[in-house]
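Before any comments, here is the structure.
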Amino acid sequence: MPTYRRLLAPLAAGLVLAGLTAAPASAAHSWAGYHWARTANPFTLKLGDNVSDSWDAYLREASTDWNNSLVLQTTVEAGTAGTPKRCRATSGRVEVCNSTYGNNGWLGLAQVWTSSGHIIQGVAKMNDTYFNSPPYSQPEWRRLVMCQEVGHTFGLGHQDENQSNPNLGSCMDYTKDPAGTAATTGPLDNQHPNQHDYDQLATIYVHTDATTTVGASAPSPSAAGAGNSQAEWGRAVRYASDGRPILFERDLGNDQRVFTFVVWAG
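Under the numbering used here, the first residue of the sequence shown is numbered -2, with each subsequent residue one higher.
Right, dumping it as structure tokens:
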């Protein structure tokens, strides 16, 4: 099956990652079944702290929120990504970074490497070029984007990609109003995971594997596709309801790929 179809087929029924209509809250929002290989549940995934003091509380809050999952636990560890601007991936874990990445249109990125269907490493990036100014400097925006980008690195897609729909109460839901204060999007806020996110993780990780990619020390694959500009991300494979691409895939060869999830400003 071609790569494009293999990625999209398991998602079509739920319009998980960016269909032209909204996905209901009950829809699946795994992205093509990609997951970390591990031999037992629950497993623990390290989140590398490469963020500044202004982001530390949000990273730790996201870690605590996701630890309500029954199958996955996270720990915040010292980062190993080098300079936050580069945010180099580390095999077997997720590196979380913030920096002024430029006026390139995006608030946050999650970049996830896979090999033979398994996640092998990931990075989550917060773009302070936008977060340093209102409205994105508000806590609700920081919580939403941090929670969502980290959630993508577990194998989660979006519950809904229409920003104008009422909030589902999940950080995996696109919104223009993460606090849930507007009449059209409230009363739920989208700053934390909800039960459907935890249920989806349980579904993704219902089986175990013979080997593990968690904490693995194997050499990282090519860094190609992990840059901060759209030209480096490969081809767009999913689009939001407003027509903007929100998921990109770059084939690295040898059944290795890097996927880039984007939260756009505006």
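A virtual CB, placed ideally from N, CA and C, is assigned to each residue, including glycine.
Residue(s) in a DSSP beta bridge with residue i
i: E74; result: G45
i: W63; result: None; W63 has no bridge partner.
i: Y264; result: Residue 264 lies beyond the residue range present for the chain, which begins at -2 and ends at 263; the question has no answer from this structure.
i: D248; result: R254
i: W138; result: W138 is not bridged to any residue.
i: N124; result: S96
i: I266; result: The displayed coordinates of the chain run from -2 to 263. Any statement about residue 266 would go beyond what the structure contains.
i: S27; result: L153
i: W261; result: W103
i: V211; result: V211 is not bridged to any residue.
i: P242; result: Y236
i: V147; result: In DSSP, V147 forms no bridge with anything.
i: L165; result: None, per the DSSP bridge assignment.
Length of the line joining the Cα atoms of residue i and residue j
i: T208; j: S161; result: 42 Å
i: C94; j: K122; result: 5 Å
i: A180; j: N164; result: 11 Å
i: P264; j: Y202; result: Coverage of the chain is limited to positions -2 through 263, which leaves residue 264 absent and any answer about it impossible.
i: R232; j: D125; result: 25 Å
i: R254; j: P175; result: 31 Å
i: R83; j: N64; result: 28 Å
i: V260; j: N187; result: 14 Å
i: R247; j: S130; result: 32 Å
i: S288; j: C168; result: Since the first and last residues shown for the chain are -2 and 263, residue 288 lies out of range.
i: A75; j: H115; result: 24 Å
i: S238; j: E158; result: 6 Å
i: T257; j: V142; result: 14 Å
i: Q227; j: V109; result: 15 Å
i: P242; j: A213; result: 32 Å
i: L249; j: W138; result: 33 Å
i: A223; j: G240; result: 23 Å
i: W230; j: S27; result: 21 Å
i: Y133; j: L104; result: 8 Å
Same chain only: Cβ atoms within 6 Å of residue i, ignoring 5 sequence neighbours per side
i: V147; result: A59 and A121
i: L185; result: N164, G166 and G177
i: R85; result: A78 and G79
i: W40; result: Note on identity: in this sequence residue 40 is Phe, with Trp being the wrong assignment. Taken in chain order, the residues that qualify are V211.
i: N191; result: G166 and S167
i: T111; result: Y31 and R254
Delimiting residues of the beta strand (DSSP E) encompassing residue i
i: Y236; result: R232 to Y236
i: V109; result: W103 to S112
Beta-carbon proximity check, residue i vs residue j, cutoff 8 Å
i: A78; j: T72; result: no
i: A267; j: T150; result: The chain is shown from -2 up to 263; residue 267 falls before or after that span and cannot be answered.
i: Q156; j: H193; result: yes
i: D270; j: S113; result: Because the chain in this structure spans residues -2 to 263, residue 270 falls outside the shown range and cannot be described.
i: Q197; j: L153; result: yes
i: C144; j: D53; result: no
i: A262; j: Y55; result: no
i: G99; j: N225; result: yes
Cutoff 7 Å; reference residue i; Cβ partners in own chain excluding five residues on either side
i: L42; result: W33, L69, T71, R90, V91 and V211
i: T205; result: R35, T36, A37 and N38
i: S66; result: Y195 and L198
i: D57; result: Residue identity check: residue 57 is Arg in the sequence provided, not Asp. Here the set comprises V73.
i: N47; result: G76, A78, P81, C84, E92, V93 and C94
i: D264; result: Residue 264 is absent from the model: the chain starts at -2 and stops at 263.
Proximity test, residue i beta-carbon vs the ligand NAP heavy atom, cut-off 7 Å
i: D174; result: With respect to the ligand NAP, the structure shown offers nothing to examine, as it has no ligands at all.
Neighbourhood of residue i by C-beta distance below 8 Å, restricted to the same chain and skipping five residues each side
i: L5; result: Low confidence applies here, because L5 scores a pLDDT of 33, under 50, leaving its location unreliable and the question unanswered by this model.
i: T182; result: S161, N162, P163, N164, T172, K173 and D174
i: R140; result: Y55, E58, A59, C168, P175, Q188 and H189
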